[in-house]
Structure formats: C-alpha cells, structure tokens
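**Q** Before anything else, here's the structure in question.
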Amino acid sequence: MMTRGFTGRGQPSEIKDRIPPGQSLTDDFPVLSAGPTPRVRTEDWSFTLKIGPKPAFTWNWDEFNALPQTKLTRDIHCVTAWSKLDTHWQGVLVDDILAEANLEAPTDFVLAHGYDGYTTNVPVKDLVGGKAMIATSYDGKPLPPDHGGPARLLVPHLYFWKSAKWINGLQFTTRDEPGFWELRGYHIYGDPWREQRYTGD
Amino acid sequence: MQDELLAVQAKWQKANIIGIVRQTPRVTSFFFKPALPFFYRPGQHVDVRLSAPDGYQAQRSYSIASAPDSSETIELAIERLDDGEVSTFFHDAAEIGDEIELRGPIGGHFVWTTEDGGPVLLIGGGSGVVPLVSMVRHRAAQGSAAPVLLLYSARTWDELIFRDELLGLAQRANGFDLSLTLTREASPRENHYARRIDPAIIEDVLARLPMPPKLAFVCGANAFVTTAADALISAGVPANIIRVERYGV
Ligand SMILES: Cc1cc2nc3c(=O)[nH]c(=O)nc-3n(C[C@H](O)[C@H](O)[C@H](O)COP(=O)(O)OP(=O)(O)OC[C@H]3O[C@@H](n4cnc5c(N)ncnc54)[C@H](O)[C@@H]3O)c2cc1C
C-alpha cells in the first residue's frame, strides 16, 4: 500500500543495507524505559551469574572491571523504529564472564535481570561467540544512568529492549522464559532484520 | 497477570482518517476508523506506517487520546516537529478520506483502567499528556470515583492540548483534579504554576491527593520524564509504582 502524499526523507543509499525494514536512521540516542532511572552507585553494584535460582558467581564493581575488556562498534536498532549506526561500546564479553566463572553454559536460555526489576530473555547462542557484552562504557565515557549505567547488557543484533539496562545478573533457565516486555506482547526473540517486533510477527 | 493475556494485535490494518481537528498551534487530532475491530486500554499506543512510492517506509508510535468507552474512533494527537518526517506528513499532507496503515494496540504496562483504582497521579509534558487524557476520559465515561490528579506542563496557555475539556472535567469536582503549569508565560489563572516541574510542585500535588498514590504515570520527552520521576522518588514515592512512557528524544 502506498500512502498518498508521503515521499519521506529517504535514507542515504550507501547505508541502506544497514537499516532493517521499518527503521529510520537517527543521530540522537533516544532514551526509553518502563520506569524511573535507578541511581545505582558503583560501590553498591554487583553482578551475579545464576543457574536457575542458585547464585553461581558474583563480582563487585572492581572485580568486574578487572575482567578482560573488549571494545565493540555496532549498529543498534530500537523497536520504536530508530536505528543508530557505529555506536562505540566497551565492557566484558559474556564469553569472558563465563570463562572467568569456569562455566560452560548449563542451559540454552538466559534471563537478564536489571536493578529496576526488569527482565528480558535471550538464547545463550545469541550471547556467546563475541556477540554480546556487559557494557560499562559508551562512546569512551562511563555509561550514563539514562542509558543503563553503571552497566547494561549489549546484544546489538537484537532489538534494543533485549539489551537490559542497569543489569545485575544473568540467570540460566531451562526454558525460554518471557521477560518484562515479552510478557506484554513483544516478540520472544526480536530479530530486527525479520522485523520481529510483536508477538505474531 | 492480566497483561499476559493481552497479546498485541500485530496485524497491520488500514484505517481511514475520518476527522481532523486542530487542537493547538502545533498539535492536531486525527480520528481513525480501523477496518478491523480494535480493543484497547487507556495508555496504549499504535504504530503508524507510511509508504513512499519508492518502497521506503517510515514507522512511528502514537499514543491513543480517545478512551475505549467514550469513542468509536481512535484519536491520535500529533505534534508537528518542523523537521520531522512523519508528523509533518500528518500536518501538511494528510486529508480526510486518506487510508493509513496502523497496528496495535501496543504496550501493556503504561495502562490504567478504573479497575486498577486510585489515587493516581498523572504527570504529562507537552504531547506526553495524550495517553493520560485517554485515562481521564475513561474515568469520566465509567463514572469512576477514583481520585486522579493530572499535572500537565506546556509552554503556553494556548499550547495546552484538550485544555477546555480538562478544565471542564475538573470543575465537576468529582475526584478528578487538574494542575497546570506553563513554562514560557505566566498562567492566567490562580492555583496553577508558571515554571518547569520541580520537586516543590510534585510535593504540592502529592499533598492534594487524599492518600499517597497507588500508581503514578509520567509521560513526555525524555528530560521531562527524568525530572518528574526523580522528583517523585525524592518525595518518597516508591519507584515500583511509577510507570513512565518516554517519547524517545
Ligand atoms: C510510545 C510512544 C508514544 C508516542 N506518542 C506520541 C503522541 O501521542 N503524540 C506525538 O506527537 N508524538 C508521540 N510520540 C513521538 C512520535 O513517535 C514521533 O517520534 C514524533 O512524531 C516525531 O516523528 P517525526 O517523524 O515527525 O520526526 P523525526 O523525523 O523522527 O525527527 C524527530 C526529530 O529529530 C530530528 N531528526 C531526526 N533525524 C533526522 C534527520 N535524519 N534529518 C533531519 N532531522 C532529523 C528532527 O529535526 C525532529 O525534530 C510517541 C513516541 C512513543 C515512543
């Protein structure tokens, strides 16, 4: 269907193949969340790996930052239809977290948890192999609270609600457990290239 | 949880524009008649998709201003951003009779119905008032007695969307209370504010509720939402009863 009278701003052709269907390029970094921004002090911050209900490994801020650091430059895609190219992140790859904990992924699914009570589910295969990190820095600076600081999950190849802000842990689950937005009609997996925005897409 | 049952209507459908009403110098309401049945709750939004002749598509989210129980049509109130792609299309090109693709309703968290009860504090900035107006209209349509206070910030008196309707509802004095604040001019009425929302205003409006709020909803531009939500927390409102909708930038 064509919309009468709409031509659109169009997208520069050299980046067309980097923008998933239905997305528009933005230079800003919009902020979205379901509740107020929690103010988590790094002194109080910790990160826990859990297997089911059982904590398996916990790091405090200093211990976590002593883990191997990795830089990633990635395009990100928000379900509210903006995409931002070449964003610069630094943090600890999920691979390196598992290695430090001496842990082979015990199940196929993970539920990420945030300080605000937020949860989101991601299959293990989307977190390992250099695909995802716990990011503590954006654009060369400590990650600001509105963008999920002190630390957020970064899974750039999925819609950005999967990149849980204010993260405090990853929990291995036996089943693919829907998280906060997944229980409220958003897609269980969220691949922007297949435009998996909502249940049924 | 009830939310789990409310799967999103993911299907794109065509909706006819059946009315266009200018609300303020920068905001116009567009009334849609969806082709398929459309059930929604106050606070939810739709996604709108526009398609250009070359196949390019643009999608944006818009909150629903109408209430499910007081209107057969879906009202969207869209603010014109001068360099905006989609909002300028609506303001400059869209006409009655045009078909627009939309889908929804979307969002299961920024939602209030009279069954949720009160007191409820609603805080909206600019076009962020839109989903809150749906809640207020729903409350009126249901004849609910739940105490609801809407704190609404706009630049000027003439930029207050749905101003006269809201003032009229507040005049009924049946538990709906309205507090306005203008950021770019003095308020022509007493008992309203003339400054950006700050902790003092938040404390005032909290004191006007008969009891501490059961839920608080904050909607608007990002900076506005951050200020209001932080002020609520400083005033002792628990973070887990505050729900926010950010319009992104
Ligand atoms: C859940 C939700 C509900 C919403 N509800 C409402 C509502 O009820 N009413 C409402 O009015 N809005 C609402 N919004 C905001 C709405 O979705 C749009 O973001 C808004 O209408 C702007 O879209 P646009 O296409 O006109 O502007 P865009 O083209 O997206 O531009 C937005 C701003 O960024 C600038 N910009 C961005 N990219 C470029 C570029 N490449 N070139 C030039 N300038 C650029 C523009 O100058 C403009 O000021 C809602 C948003 C969300 C997420």
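First to last, the sequence lines map onto chains A and B. For the first sequence, counting from 1, position 125 maps to 177 in this note's numbering; every step adds exactly one. For the second sequence, counting from 1, position 167 maps to 190 in this note's numbering; every step adds exactly one. By construction, the Cβ of each residue, glycine as well, lies at the ideal position given by its N, Cα and C atoms.
(1) Consider the C-beta atom of residue 200 (chain B) and the heavy atoms of ligand 1; say whether any pair is separated by less than 7 Å.
(2) Taking only beta carbons into account, state which residues of the segment 75–92 of chain B come closer than 7 Å to chain A, listed in chain order.
(3) Can you list the residues of chain B that residue 228 (chain A) reaches, using a CB-CB cut of under 9 Å?
(4) Is it the case that the CB of residue 108 (chain B) approaches a heavy atom of ligand 1 more closely than 7 Å?
(5) Thinking C-alpha only, which one of A:128, A:174, A:134 and A:132 is nearest residue 146 (chain A)?
(6) Closer than 7 Å by C-beta to residue 29 (chain B): which residues in its own chain qualify, once you throw out the five before and the five after it? Chain order, please.
(7) List the whole-angstrom C-beta distance separating residue 141 (chain A) from residue 187 (chain A), where the pair is believed to meet the contact cut-off of C-beta under 8 Å.
(8) Using a Cβ cut-off of 8 Å (strictly closer), state whether residue 185 (chain A) contacts chain B.
(9) Rounded to whole angstroms, what is the Cα-Cα separation between residue 112 (chain B) and residue 84 (chain B)?
(10) Taking 8 Å as the threshold (beta carbon to beta carbon), is residue 113 (chain A) in contact with chain C?
(11) Buried or exposed for residue 27 (chain B), going by 16 or more other Cβ atoms inside 10 Å?
(12) Quick check: does the Cβ of residue 210 (chain A) come within less than 7 Å of any heavy atom belonging to ligand 1?
(13) Looking at ligand 1, does it come within less than 7 Å of residue 100 (chain B), judged from the CB to the closest heavy atom?
(14) Pick out whichever of B:173, B:208, B:214 and B:178 has its Cα sitting closest to the Cα of residue 199 (chain B).
(15) Write down every uninterrupted run of the alpha helix (DSSP H) in the segment 199–253 of chain B whose length is 4 residues or greater and which is fully enclosed by it, in chain order.
(16) Go ahead and label residue 5 (chain B) buried or exposed: buried means 16 or more other beta carbons lie within 10 angstroms of its beta carbon, across all protein chains shown.
(17) Could you list which residues in chain A have their beta carbon closer than 8 Å to that of residue 131 (chain B), in chain order?
(18) Going by beta carbon distance, what residues of the same chain come within less than 6 Å of residue 90 (chain A), once the five residues before and after it are set aside?
(19) Which runs of the beta strand (DSSP E) fall wholly inside the segment 202–229 of chain A and span at least 3 residues, in chain order?
(20) Does the distance from the CB of residue 246 (chain B) to the CB of residue 267 (chain B) come in under 8 Å?
(21) Taking residue 239 (chain B) as the reference, give the member of B:193, B:117, B:171 and B:63 with the closest Cα.
(22) What are the residues of the segment 251–270 of chain B that lie near chain A, defined by any Cβ-Cβ distance shorter than 8 Å?
(23) Measuring only the C-alpha atoms, how far is residue 264 (chain B) from residue 33 (chain B)?
(24) Can we say the segment 239–252 of chain A touches the segment 72–85 of chain A, given the rule of at least three CB pairs closer than 8 Å?
(25) Counting only beta-carbon atoms, is residue 72 (chain B) nearer than 8 Å to chain A?
(26) How would you write the range of the alpha helix (DSSP H) that residue 113 (chain A) sits in, first residue to last?
(27) Let me check understanding here. Comparing Cα to Cα, which of A:213, A:65 and A:56 lies closest to residue 132 (chain A)?
(28) Just to confirm my understanding: we take residue 134 (chain A), look at its own chain, exclude 5 residues before and 5 after, and list those with CB closer than 7 Å. What are they?
(29) Taking 7 Å as the cut-off, is the beta-carbon of residue 271 (chain B) closer than that to any non-hydrogen atom of ligand 1?
(30) Output the boundary residues of the beta strand (DSSP E) element that contains residue 152 (chain A).
(31) Strictly by DSSP, which residues pair up with residue 142 (chain A)?
(32) Please state whether DSSP places residue 194 (chain A) in a helix, a strand or coil.
(33) Hey, residue 47 (chain B) and residue 101 (chain B): beta-carbon distance below 8 Å or not?
(34) I want to see whether chain A comes within less than 8 Å of residue 101 (chain B), judged by CB atoms only; does it?
(35) Kindly confirm or deny that the segment 56–65 of chain B and the segment 105–121 of chain B touch, where touching means at least three C-beta pairs closer than 8 Å.
(36) For a cutoff of 8 Å on Cβ pairs, would you count residue 123 (chain B) as touching chain A?
**A** According to the structure data:
(1) Walking along the second sequence from the start, residue 200 (chain B) turns up at place 177. Residue 200 (chain B) Cβ: outside cutoff for every heavy atom of ligand 1.
(2) 75, 76, 79, 80, 81, 82, 83 and 84
(3) The sequence position of residue 228 (chain A) within the first sequence is 176, counting from 1. None at all; the shortest Cβ gap to chain B is about 15 Å.
(4) Translated into positions along the second sequence, residue 108 (chain B) becomes position 85. Checking the Cβ of residue 108 (chain B) against ligand 1 gives yes.
(5) Taking the first residue of the first sequence as position 1, residue 146 (chain A) is located at position 94. Ranking A:128, A:174, A:134 and A:132 by Cα distance to residue 146 (chain A) puts A:174 first.
(6) Taking the first residue of the second sequence as 1, we reach residue 29 (chain B) at position 6. Below a pLDDT of 50, predicted positions are generally treated as unreliable, and residue 29 (chain B), at 47, falls in that range; no measurement from the model is reported.
(7) Position 89 of the first sequence, counting from 1, holds the residue named residue 141 (chain A). Position 135 of the first sequence, counting from 1, holds the residue named residue 187 (chain A). Residue 141 (chain A) to residue 187 (chain A), Cβ: 4 Å. Contact.
(8) Translated into the one-based positions of the first sequence, residue 185 (chain A) becomes position 133. Cβ-Cβ to chain B under 8 Å: no for residue 185 (chain A).
(9) The residue given as residue 112 (chain B) occupies position 89 in the second sequence. The residue given as residue 84 (chain B) occupies position 61 in the second sequence. Going from the Cα of residue 112 (chain B) to the Cα of residue 84 (chain B) covers about 14 Å.
(10) In the structure shown, chain C cannot be found, because the protein chains are A and B.
(11) To locate residue 27 (chain B), count along the second sequence from 1; it is residue 4. Only weak support exists for where residue 27 (chain B) lies, its pLDDT of 39 falling under 50; the coordinates are left without a value.
(12) For the purposes of this step, residue 210 (chain A) is taken as residue 158 along the first sequence, with counting starting at 1. No, the Cβ of residue 210 (chain A) stays beyond 7 Å of every heavy atom of ligand 1.
(13) Along the second sequence, one-based indexing puts residue 100 (chain B) at 77. Yes, Cβ of residue 100 (chain B) sits closer than 7 Å to a heavy atom of ligand 1.
(14) Within the second sequence, the letter at position 176 stands for residue 199 (chain B). Nearest option by C-alpha distance: B:173.
(15) 222–231
(16) Since the first residue shown for chain B is 24 and the last is 272, residue 5 (chain B) is missing from the structure and cannot be characterised.
(17) If you number the second sequence from 1, residue 131 (chain B) lands on position 108. Going along chain A in sequence order, the residues near residue 131 (chain B) (Cβ under 8 Å) are 235, 236 and 237.
(18) Counted from its first residue, the first sequence places residue 90 (chain A) at position 38. Excluding residues within five positions, the ones whose Cβ falls inside 6 Å are 167, 168 and 218.
(19) 204–206 and 219–225
(20) In the second sequence, residue 246 (chain B) corresponds to position 223, counting from 1. In the second sequence, residue 267 (chain B) corresponds to position 244, counting from 1. No, Cβ-Cβ distance for residue 246 (chain B) and residue 267 (chain B) is not below 8 Å.
(21) As a position in the second sequence, residue 239 (chain B) is number 216, starting the count at 1. Comparing Cα positions, the closest option is B:171.
(22) 252, 253, 255, 256, 262, 263, 265, 266, 267 and 269
(23) The residue labelled residue 264 (chain B) in the question sits at position 241 within the second sequence. The residue labelled residue 33 (chain B) in the question sits at position 10 within the second sequence. Between residue 264 (chain B) and residue 33 (chain B), the C-alpha separation is close to 28 Å.
(24) yes
(25) Taking the first residue of the second sequence as 1, we reach residue 72 (chain B) at position 49. By this cut-off, residue 72 (chain B) is an interface position.
(26) Looking up residue 113 (chain A) in the first sequence gives position 61. Note, residue 113 (chain A): alpha helix (DSSP H), 113–117.
(27) Translated into positions along the first sequence, residue 132 (chain A) becomes position 80. When each option's Cα is compared against that of residue 132 (chain A), the closest is A:213.
(28) As a first step, residue 134 (chain A) is located in the first sequence; it is residue number 82 there, counting from the start. Excluding positions up to five away in sequence, the list reads 75, 76, 78 and 82.
(29) As a first step, residue 271 (chain B) must be located in the second sequence, where it is residue number 248. Indeed, a heavy atom of ligand 1 lies less than 7 Å from the Cβ.
(30) Sequence index remark: in the first sequence, residue 152 (chain A) carries index 100 (1-based). It is not in any beta strand (DSSP E) - residue 152 (chain A) instead sits in the alpha helix (DSSP H) that spans 146–152.
(31) Stepping through the first sequence from its first residue, residue 142 (chain A) is reached at position 90. In the DSSP output, where bridge partners are listed per residue, residue 142 (chain A) has A:123 and A:189.
(32) Walking along the first sequence from the start, residue 194 (chain A) turns up at place 142. Residue 194 (chain A): strand per DSSP, three-state reduction.
(33) Taking the second sequence and counting its residues from 1, the one referred to as residue 47 (chain B) is at position 24. Taking the second sequence and counting its residues from 1, the one referred to as residue 101 (chain B) is at position 78. No, they are not a contact pair.
(34) Taking the first residue of the second sequence as position 1, residue 101 (chain B) is located at position 78. Chain A contact via Cβ: absent.
(35) no
(36) In the second sequence, counting from the first residue as 1, residue 123 (chain B) sits at position 100. Closer than 8 Å: yes.
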